[in-house]
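Residue numbers (the working numbering): 34 to 927.
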């Protein structure tokens, strides 16, 4: 039948001219011949890979070589004699078949993984016919996978000692006669490890109906694998470990299949026994059940052999990659075959490797445990393990490696979900809410939300039908409880809010937050601290919702948003505006006098969509808000409140439209006029001998306003000079703000002058103001301010800074050969010497500095740095000759 079929197909091929059709018909001929050779009606579909043009894979052996080990046994080598081959062109499919069958096992693993299944089937056929020859072939393939070429003799296979073979292999490695395929970077070996694992997995699956249970083949293989895994050459250990771990995984696959069969058989047997049948059916089922159980026992014995012989030694290998591979595999084993591995005898290795010195190994252990705790049925068996290693799991949340810490936090979430940890155990974790790493803070934020906010709401509302508002109020209440722990430090509170924000939708429930602040729910009573924290939360949440950062970024990279992200932020801005529009005046009116709350509340307006006030006909609310912000400006004297009010008014005057913009600009002008009037009144009071407090506060307000915009001080500038000259005994802080305001006014005046069109009047006015400023600054060089015992003074440092900035601003080189040449200035040598001496006093660090508290030390350090920067600017800008700075290096060294 075989020859008849081949001849018929050959005749058909001769009648066709198309090369494509010729290949198709040839493939059919091969398929039919295979079916005839195996005595079946249909052939088995095989993965036969061809290359273009009919040539075979370049890594294959010569296609014309003689029949291989499978010749004459019904395998594909028999096809070489089918049909009158010399009278026609050999097709691509036939050539590929010949190559595939002639490939050695190691060549298949090194090259084309698609052929593995087919080659393994052929090898099993050879093993069933000649076990020793096939086993020698398989073991030599194992040695070659390790990179060593060692010849085994099938005649002495049973007598030769495994250790003797391994000693000989080690000697080859010592001589350098081993090639490392495992770690090779060669392109043709990129899939080597994947193919090697696939080969042994296919081997186990293909042998499951025979050789797997003969207690010869895999026993012999495991002996060599275990011996190689304990040998000195790293490549041997790497390959043997990889193969051994995969064998366990494959054994588990077979065991699970057998286990399912055992359960099915047991159910069938129970059903038959209920019928009181004791015939051949029951006997057959009992026999099948016994055989299945014996096979599972064989599988488990081989798993234990590899575990004790290989894993127990390699999980602590010097190579972290080997250790990591072992732990990854153990996690998979426990998860996929808990009946054997889910016990403390095996779990302890995951616990021990939580202390591994390599971050990758620690992470592998944590991920394996995460997978185990995710399965509720595993938890009872993990109780003792949890008691023993839970403290270490919590410690790992602060691991030096960020990725390990983040994974550990995820593991702790699993423990909390399974109620294996108490809230008291979490104390050290909350400190991580303010660490530098964004990844760790986000992970802790998710844990805090899940465990302290969302979960407690779910448990408190079990069986009830609370609405979204109830949910938001409850979650915000829990968040306020957390923020109370950080109430003394607003910055820490912002960090906590940032960490939890993306998980907690209640933070975006603007109407609920506003309702709580306005006491609209009589069942909710906010303390003053809670109201402060809730306003900070509202402000921070608004900033996050419109894409602003509320904590400093560690990388300082610019954020780039796509169209969809920008649209989301714009929709958030619209929602916030609509929620705040009617309630904003009420909030400001309620908290305008509270300096702890007013800053955050006022700054919200810069994130609103101001055009909606006109579209929704809420112009009056807009006007009320601006009036209240102006009131807040004059109610408070602290820097943050003043700055927020100025920022808000300037934003509204620039970004509103139409009549609302006119109103905002007028309101800003009113603020300027009122401030100058108050300042003039305060100077008159001081001249009359009254207290300096009002003068100081309004000077601070003017300073903050001048930092943002030009203020017309022409009418007050001479009054500033007159007060400074006439009241030399004024408080140094008042003097500092006089000088700072004069300097800023001179700077703004200079910015309005250009050398193209400059009037003599404006130039003379600027020179007069500059000279007046220099006279006052030089007075303090001639009469240095009284300093503390440590030799430092706020006034002295500000004099140094303002002088250096002014000298750089008016340096000769900037204005020479221009129409503004008169503005050029260079200090004389005596003045410079006095300047350097005053700088040197500010840069000195005394022993008493160590006794100062942290805040004062930071302020002093900041002042020293500012003075040093100012002095360095003089040098860099060539304001002073190099000979006049000889003492600067001495200052820096000191």
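Cβ coordinates follow ideal geometry from the N, Cα and C atoms, glycine included.
In this text the structure is predicted, and so the values were computed from the model without any measurement.
Please state whether DSSP places residue 225 in a helix, a strand or coil.
Residue 225 sits at position 192 when you count from the first residue of the chain shown. The answer is helix: DSSP assigns residue 225 an H, G or I state.
Contact set for residue 802: own chain, Cβ-Cβ below 8 Å, skip 5 residues either direction:
One-based indexing of the chain shown puts residue 802 at position 769. Contacts found: 750, 775, 778, 779 and 782.
Within its chain, find whatever has a CB closer than 6 Å to the CB of residue 359; leave out the 5 residues flanking it on each side and keep chain order.
Locating residue 359 in the chain shown gives position 326, counting from the first residue. Once the five neighbours on either side are set aside, the close Cβ partners of residue 359 are 344, 347 and 348.
Option nearest residue 437 by Cα separation, candidates 395, 414, 466 and 451:
Residue numbering aside, residue 437 sits at position 404 when the chain shown is read from its first letter. Considering only alpha carbons, the answer is 395.
Since residue 187 and residue 169 should fall inside the 8 Å C-beta cutoff, what is the C-beta to C-beta distance between them, to a whole number of angstroms?
The residue given as residue 187 occupies position 154 in the chain shown. The residue given as residue 169 occupies position 136 in the chain shown. Confirmed, Cβ separation roughly 5 Å.
Is residue 858 helix, strand or coil by DSSP?
Along the chain shown, read from residue 1 onward, the residue named residue 858 stands at position 825. Residue 858 falls in the strand class under three-state DSSP.
Give me the Cα-Cα distance between residue 631 and residue 722, rounded to the nearest whole angstrom.
One-based indexing of the chain shown puts residue 631 at position 598. One-based indexing of the chain shown puts residue 722 at position 689. If you take the alpha carbons of residue 631 and residue 722, they lie about 33 Å apart.
Is residue 844 helix, strand or coil by DSSP?
Mapped onto the chain shown, residue 844 falls at position 811. Looking at residue 844 - three-state DSSP - the assignment turns out to be strand.
Helix, strand or coil for residue 243, going by three-state DSSP, please let me know.
As a working mapping, residue 243 is identified with position 210 in the chain shown. Three-state result, residue 243: coil.
Could you tell me whether the Cβ atoms of residue 670 and residue 591 are closer together than 8 Å?
Locating residue 670 in the chain shown gives position 637, counting from the first residue. Locating residue 591 in the chain shown gives position 558, counting from the first residue. Not closer than 8 Å, so no.
Should residue 756 go down as buried or exposed, given a rule of 16 or more other Cβ atoms within 10 Å for buried?
Position 723 of the chain shown, counted from the first residue, corresponds to residue 756. It is buried - the Cβ of residue 756 has at least 16 other Cβ atoms within 10 Å.
Where does the unbroken alpha helix (DSSP H) through residue 749 begin, and where does it stop?
Looking up residue 749 in the chain shown gives position 716. Residue 749 -> alpha helix (DSSP H) spans 747 to 759.
Let me check understanding here. Comparing Cα to Cα, which of 710, 787 and 764 lies closest to residue 752?
Residue numbering aside, residue 752 sits at position 719 when the chain shown is read from its first letter. The candidate whose alpha carbon is nearest that of residue 752 is 710.
Can you have a look at residue 356 and say buried or exposed, based on whether 16 or more other CB atoms are within 10 angstroms of its CB?
Numbered from 1 along the chain shown, position 323 holds the residue referred to as residue 356. Buried is the call here.
Under 8 Å, do residue 149 and residue 235 count as touching if we go by C-beta distance?
Residue numbering aside, residue 149 sits at position 116 when the chain shown is read from its first letter. Residue numbering aside, residue 235 sits at position 202 when the chain shown is read from its first letter. Yes.
Secondary structure of residue 763, DSSP reduced to three states:
Position 730 of the chain shown, counting from 1, holds the residue named residue 763. The answer is coil: DSSP assigns residue 763 none of H, G, I, E or B.
Taking only three categories from DSSP, how would you classify residue 614?
Start at 1 with the first residue of the chain shown, and residue 614 comes out as number 581. In the structure shown, residue 614 sits in coil (DSSP, three-state: anything other than H, G, I, E or B).
Taking just the CA atoms, how far does residue 312 sit from residue 319?
For the purposes of this step, residue 319 is identified with residue 286 of the chain shown, where counting begins at 1. For the purposes of this step, residue 312 is identified with residue 279 of the chain shown, where counting begins at 1. So the two alpha carbons sit approximately 11 Å from each other.
Compute the beta-carbon to beta-carbon distance between residue 549 and residue 506, rounded to the nearest angstrom, for a pair I have assumed lies under 8 Å.
Here residue 549 corresponds to residue number 516 of the chain shown, with the count starting at 1. Here residue 506 corresponds to residue number 473 of the chain shown, with the count starting at 1. Contact flag correct, Cβ pair sits at about 7 Å.
Residues near residue 623 in its chain [Cβ-Cβ closer than 8 Å; skip 5 each side]
Against the chain shown, residue 623 aligns to sequence position 590. Once the five neighbours on either side are set aside, the close Cβ partners of residue 623 are 550 and 551.
Counting Cβ pairs, one atom from each stretch, are 3 or more of them under 8 Å apart for the stretch 282 to 292 and the stretch 233 to 249?
yes
Rounded to whole angstroms, what's the CA-CA distance from residue 646 to residue 607? Just pull it up for me.
Here residue 646 corresponds to residue number 613 of the chain shown, with the count starting at 1. Here residue 607 corresponds to residue number 574 of the chain shown, with the count starting at 1. Rounded to the nearest angstrom, the two C-alpha atoms are 11 Å apart.
Is the beta carbon of residue 643 less than 8 Å from the beta carbon of residue 678?
Numbered from 1 along the chain shown, position 610 holds the residue referred to as residue 643. Numbered from 1 along the chain shown, position 645 holds the residue referred to as residue 678. Cβ atoms of residue 643 and residue 678: not closer than 8 Å.
From residue 842 to residue 911, what distance separates their C-alpha atoms?
Within the chain shown, the letter at position 809 stands for residue 842. Within the chain shown, the letter at position 878 stands for residue 911. Residue 842 and residue 911: Cα-Cα distance of roughly 12 Å.
Using three-state DSSP, classify residue 407 as helix, strand or coil.
Start at 1 with the first residue of the chain shown, and residue 407 comes out as number 374. Residue state, collapsed to three classes: helix.
How many Å lie between residue 367 and residue 377 at the Cα?
Position 334 of the chain shown, counted from the start, is the residue given in the question as residue 367. Position 344 of the chain shown, counted from the start, is the residue given in the question as residue 377. The straight-line gap from Cα to Cα measures roughly 11 Å.
Within 10 angstroms of the Cβ of residue 596, are there 16 or more other Cβ atoms? Answer buried if so, exposed if not.
As a first step, residue 596 must be located in the chain shown, where it is residue number 563. Under this definition residue 596 is an exposed residue.
Alpha helix (DSSP H) containing residue 151: first to last residue?
Numbered from its first residue, the chain shown carries residue 151 at position 118. It spans 149 to 162 - the alpha helix (DSSP H) in which residue 151 sits, taken as one unbroken run.
Give me the residue from 827, 279 and 909 with the minimum Cα distance to residue 837.
As a working mapping, residue 837 is identified with position 804 in the chain shown. Selected option, being the one with the closest Cα: 909.
Could you name the residues of the same chain whose beta carbon sits closer than 7 Å to that of residue 190, not counting the 5 residues immediately before and after it, in chain order?
As a working mapping, residue 190 is identified with position 157 in the chain shown. Here the set comprises 165, 168 and 169.
Residue 544 and residue 612 - do their beta-carbons sit closer together than 8 Å?
Working through the chain shown from its first residue, we reach residue 612 at position 579. Working through the chain shown from its first residue, we reach residue 544 at position 511. Yes, Cβ-Cβ distance for residue 612 and residue 544 is below 8 Å.
Restricting to Cα atoms, I'd like to know which of 742, 426 and 262 is closest to residue 458.
Within the chain shown, the letter at position 425 stands for residue 458. Per the Cα distances, 426.
Should residue 697 and residue 740 be called a contact, given that it needs their Cβ atoms to be closer than 8 Å?
Against the chain shown, residue 697 aligns to sequence position 664. Against the chain shown, residue 740 aligns to sequence position 707. Contact flag unset, no.
Same chain, Cβ closer than 7 Å to residue 689, five either side skipped, listed in chain order:
Within the chain shown, residue 689 is the residue found at index 656, counting from 1. Around residue 689: 643 and 697.
How is the alpha helix (DSSP H) around residue 327 delimited, first residue to last?
The residue you call residue 327 lines up with position 294 of the chain shown. Residue 327 -> alpha helix (DSSP H) spans 313 to 339.
Inter-residue spacing [alpha-carbon to alpha-carbon] between residue 198 and residue 275:
Counted from its first residue, the chain shown places residue 198 at position 165. Counted from its first residue, the chain shown places residue 275 at position 242. One C-alpha to the other measures close to 20 Å.
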